[in-house]
Every structure is written in C-alpha cells, then in structure tokens.
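With positions in the sequence shown counted from 1, the corresponding number in our numbering is that position plus 51. Ideal Cβ positions, reconstructed from N, Cα and C, are used throughout, including at glycine. All values reported here derive from a predicted model rather than from experimental measurement. Written below as structure tokens is the structure these notes are about.
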Amino acid sequence: MLKINDISYSIAGRQLLANASATIPSGHKVGIVGRNGTGKTTLFKLITNELGLDDGNIEIPKKMRIGGIAQEAPASDDSLLETVLSADTERTALLEEAEVATDPNRIADIHGRLADIDAYSAEARAASILSGLGFSSLAQSRPCHEFSGGWRMRVALAGVLFAQPDILMLDEPTNYLDLEGTIWLETYLKKYPHSVLIISHDRQLLNTSVNAILHLTDKQLTLYQGNYDTFDSVRRAKLAEQESMARKQEATREHLQSFVDRFRAKASKAKQAQSRIKMLEKMEPIAAGVENSVAAFDFPTPEELSPPILRLEDTSVGYDEKPILRDLNLRIDQSDRIALLGANGQGKSTLSKLLADRLIPMNGNLVRSSKLKIGYFAQHQVDELHLDETPLQHITREFPGETPSKLRSRLARGGIGPEQALTEVGRLSGGQKARLSLLLA
C-alpha cells in the first residue's frame, strides 16, 4: 500500500501540492492525470525520493521495490537482451552469489528465491517483452550502441517491465511506441501482477489498463475508482452538482441579505434581521464547479493553391548516403488528410522530414507549390527550444509583427497562461514545452 499523507511541495516559489493526501491499495493500477504543469512528474519524484517534501510524508513498505524509467538505456556494447536481463538486479546478484556460495543452506535459499522470482525463464520473458516492443530476434542480439535514443528508451522500458517491481511507475510510456507497441503495452499492463502508476495523456491506455484514476488539481489529490471514462463522468457530475449547490446558496444569500437590508432599521424586525445576519456570517461559501479551460488551437484557413501542392517522383531519401526509402511516388492535394502508418524503422519520420523540407532527396524529384507553407511538429521538437528563454520570447521571434497582447493571446489559446508565458522554458513541464513547440510549428 502507498499512503500519501498531507504532503506539500513548492518549486521556485510556486506551490504544486498543499496538504494533499491519497491512499493507493496494493495491486491497483492507477492513471495519474491533471493539466500540464500541475506536478504529475514531480509527484513521481517525491514518491521515489528524488525530491524532498516541504511537509507531510509518503509511506511505502520497506521491502517494496519501486521501478521506473529515468532515462534511455546506455549506448553500451551489451546486447539488448543482456541489457534487459541486467535490469533485474536481484536476479543478477543471486546468480553471482550462487556461483561462489559454499554453505548448503544458503545455496538452497538462493535457488529457492530464484524459483520464486521465476529467474529460470528470464531469457524467454525478456525476449518476449522486447518482441512486444518491436525488437526482432536479430535486433535483440545487437549491441545497444547501434540504436538511437528513442529505441534505447524502449530498451529501458523493457528492462523495468522485466524487473517487475512492486510499484511500476511509468511517465508517458507510449511516447516512444508505435501503434503495435502501444497495444501490446496496454495488454501487458492489464495482466501486470503488481501496482502500476501511469502518467499518460493516452485516453485509450487509461481506459484499457487502469482501474483507478488519481486526479491532481488545485494542489490536491483525489482518487477515483474505475477507468478514465468513469472518472470523467463522475467528475463532470460532481462539478455540475457543485455548480447547482453554489447557485442555490447564492440565491439563499441574496434572499437573506434582502431581508436584512429592508428591515434592519425597523425595531419590530431588528431581532429577525440580526438572526439572518448571523446566518449569513456562518454560511460557508460553496465554490462554483469550474471546468478547467481547454487549449484551443486554431489553424487558419490557408490560401487556395493549385493541385497538387506536393509531388514525389521516383524519389529516394536517407542518411549518410544510405537510402531509407527508394523510388517514392506520391501526390498530395490541399484537401488531403493523411495518416502515416508502418512498423518502427520503416521510415515514417524520414518521409515526414522529406516532405517538410528537412531532408534533401538523394535522387528523383520533389515538387512543391511555390506558395506552399509547411508547419512541422515532431516527437523531439521540444529539443529545439531555448531553455533559457520564455515562451513569450519564442513566439515574439516567430511572429515579430504582432503586438504583445496578441502574442499572449496566442499562448493562452494553446494552454500557456500569463505566468508560464514569462517562465523560462527549462522550468516548464514536458507537456507545456510540447504545447509551445506546436504553437511555433
């Protein structure tokens, strides 16, 4: 059981949590939701003691193992399979001890524990997890250093899944997965034998793989039973009820105040007026249920261009003179809405970069309309932001002719409020950085 008791935490003078509490029973699979910047990732770091609380405490049984993904797997010479196997540090330590142990009783204990943690089927389990995340048998035998950072993030995910901690903590685990990998992860998490905490904006994942939702809002934590759709329905009903109660209270308050205003000066009604004044003083205000504002991205209607707006003719593209995609033929018209699907490593991002003029064709033709304007937003786009600048500085550079009020309005429509607009990008949450990148695309 994980118990969060009256915790408070502030960063750079901004309070994220204030006397927040929640109890998560063992074995629960919990989705952690809340607006960008409310402190979801911070909560993870508080649970793992990477950050220290200002007040309160978090109770975790001493023998309970916590596991999560801090960073991508190192670019080592170890194979992917070896890297995943080494993630279960208890298994590795027991196997090493078994090699040198001489006490028969200790040897028996070691092998008993190895059996308990299913150590003898470890390679098969590790290979199965890697396969589910998109690695072929051949890829599993290759060294880690041959893979990009995104692929090594998958290896890190495979490692923590293989280690099977008592509390599995995943922060946006689908960010580096394709559709097949995401579907596999949903199924895997449903069957996971221990507690799971997931930060995610993937509604399908939160509907399929969790049985509770921990909502972080207004510096408080509230645990709801059920999946995301159930949480959303219950929360909306609570907000509507709160709104109704607030309206009724306001009507009562106005009625009482009206009586006081009319009869306070009359001796015959003074006692009744005084009674109503006391009722007003004792009345605890009920805050109206307020739905959080929703980011409103608007995409202006572009100038009408003659078709096709973009055409590939026997085009090849790749990296370091090695083609990834060959002999492409494609026509795109202005009315097209296209989704790129394909297994990992097949060249979806490469094709996107080619179309966005971020890669040059190796051969063939790429013909664009002379007036074509392209906005580009990709997975690692946030890496191009200047961490020491504010969102307002970024968007001013992108739209130099606009007034400050219009620029702030652009940011606000994208979910970046007045406070965040003047905050250095390096101090923003991952979601806030992504919103800024999309606004700049």
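Chain-order list of residues whose beta-carbon lies under 8 angstroms from that of residue i (same chain, five-residue window excluded)
{"i": "L132", "result": "E174, A177, A178, L181, Q191, S192"}
{"i": "I425", "result": "L406, A407, D408"}
{"i": "S137", "result": "D129, T143, G210"}
{"i": "A69", "result": "S59, K270, Q271"}
{"i": "G183", "result": "G232, W235, L236, Y239"}
{"i": "V135", "result": "A177, I180, L181, V206, A209, G210, F213"}
Inter-residue CB distance, residue i and residue j (contact presumed, cutoff 8 angstroms)
{"i": "I98", "j": "I83", "result": "That pair is no contact at about 10 angstroms."}
{"i": "I58", "j": "G107", "result": "4 angstroms"}
{"i": "I75", "j": "L94", "result": "At roughly 12 angstroms, the Cβ-Cβ gap does not stay under 8 angstroms, so I75 and L94 are not in contact."}
{"i": "V433", "j": "T401", "result": "At roughly 20 angstroms, the Cβ-Cβ gap does not stay under 8 angstroms, so V433 and T401 are not in contact."}
{"i": "Q483", "j": "G88", "result": "5 angstroms"}
{"i": "L236", "j": "L228", "result": "6 angstroms"}
{"i": "H306", "j": "F282", "result": "Not a contact, Cβ separation roughly 36 angstroms."}
{"i": "F450", "j": "L458", "result": "6 angstroms"}
{"i": "S246", "j": "S77", "result": "6 angstroms"}
{"i": "M334", "j": "Q293", "result": "Not quite, the Cβ-Cβ distance comes to about 16 angstroms (not below 8 angstroms), so this is no contact."}
{"i": "V476", "j": "E440", "result": "6 angstroms"}
Contact under 8 angstroms by Cβ, residue i with residue j
{"i": "R382", "j": "R362", "result": "yes"}
{"i": "T366", "j": "G415", "result": "yes"}
{"i": "G119", "j": "D222", "result": "yes"}
{"i": "A124", "j": "A214", "result": "no"}
{"i": "F314", "j": "A302", "result": "no"}
{"i": "K270", "j": "A71", "result": "yes"}
{"i": "S260", "j": "L356", "result": "no"}
{"i": "F310", "j": "R286", "result": "no"}
{"i": "L376", "j": "P442", "result": "no"}
{"i": "A159", "j": "R478", "result": "no"}
{"i": "Y243", "j": "L274", "result": "no"}
{"i": "I360", "j": "D384", "result": "yes"}
{"i": "N262", "j": "K80", "result": "yes"}
{"i": "L436", "j": "G465", "result": "no"}
Separation of residue j from residue i, as counted between CA atoms
{"i": "R86", "j": "Q471", "result": "13 angstroms"}
{"i": "A407", "j": "L423", "result": "10 angstroms"}
{"i": "R205", "j": "Q255", "result": "20 angstroms"}
{"i": "Q308", "j": "L331", "result": "8 angstroms"}
{"i": "T153", "j": "A166", "result": "19 angstroms"}
{"i": "G185", "j": "R203", "result": "12 angstroms"}
{"i": "I467", "j": "T474", "result": "10 angstroms"}
{"i": "F23", "j": "G396", "result": "Residue numbering for the chain in the displayed model covers 52 to 492; residue 23 lies beyond these limits and cannot be assessed."}
{"i": "V211", "j": "D371", "result": "34 angstroms"}
{"i": "I264", "j": "T225", "result": "18 angstroms"}
{"i": "I168", "j": "L272", "result": "34 angstroms"}
{"i": "L146", "j": "E101", "result": "30 angstroms"}
{"i": "R116", "j": "A429", "result": "35 angstroms"}
{"i": "D139", "j": "R157", "result": "20 angstroms"}
{"i": "T447", "j": "D105", "result": "37 angstroms"}
{"i": "K373", "j": "P412", "result": "11 angstroms"}
{"i": "K241", "j": "N278", "result": "12 angstroms"}
{"i": "K322", "j": "R304", "result": "18 angstroms"}
{"i": "N111", "j": "K96", "result": "Per the sequence shown, residue 111 should be read as Ile rather than Asn. About 14 angstroms."}
Delimiting residues of the alpha helix (DSSP H) encompassing residue i
{"i": "M220", "result": "No alpha helix (DSSP H) contains M220, which is instead part of the beta strand (DSSP E) from 218-222."}
{"i": "E292", "result": "279-314"}
{"i": "Y239", "result": "230-242"}
{"i": "G201", "result": "200-214"}
{"i": "P374", "result": "First-last for P374: 373-383, but that is the beta strand (DSSP E), not the alpha helix (DSSP H)."}
{"i": "H445", "result": "442-449"}
{"i": "G163", "result": "155-167"}
{"i": "I249", "result": "From DSSP, I249 is part of no alpha helix (DSSP H) but of the beta strand (DSSP E) over 246-250."}
{"i": "T259", "result": "254-259"}
{"i": "Q471", "result": "469-472"}
{"i": "T89", "result": "Unbroken run through T89: none, as it is neither H nor E."}
Beta-carbon contacts of residue i that lie in its chain and below 6 angstroms, excluding the five residues immediately before and after
{"i": "L391", "result": "K399"}
{"i": "A170", "result": "R142"}
{"i": "D280", "result": "N258"}
{"i": "K404", "result": "L410"}
{"i": "K320", "result": "F314"}
{"i": "P469", "result": "none"}
{"i": "P216", "result": "R116, I117, G118"}
{"i": "G393", "result": "K399"}
Beta strand (DSSP E) segment containing residue i, residue limits
{"i": "A492", "result": "Element bounds for A492: n/a, residue is neither H nor E."}
{"i": "G369", "result": "361-370"}
{"i": "T74", "result": "65-75"}
{"i": "R193", "result": "Here R193 belongs to no beta strand (DSSP E), and DSSP marks it neither H nor E."}
{"i": "A263", "result": "263-268"}
{"i": "V135", "result": "Note, V135: premise wrong, no beta strand (DSSP E); alpha helix (DSSP H) at 131-137."}
{"i": "Q397", "result": "Careful: Q397 lies outside any beta strand (DSSP E) and carries neither H nor E."}
Close beta carbons around residue i, own chain, < 7 angstroms, minus the five adjacent residues each side
{"i": "H196", "result": "A126, S127, D128"}
{"i": "N380", "result": "L363, E364, D365"}
{"i": "A492", "result": "G426, Y427, F428"}
{"i": "S61", "result": "L67, D105"}
{"i": "E354", "result": "K422"}
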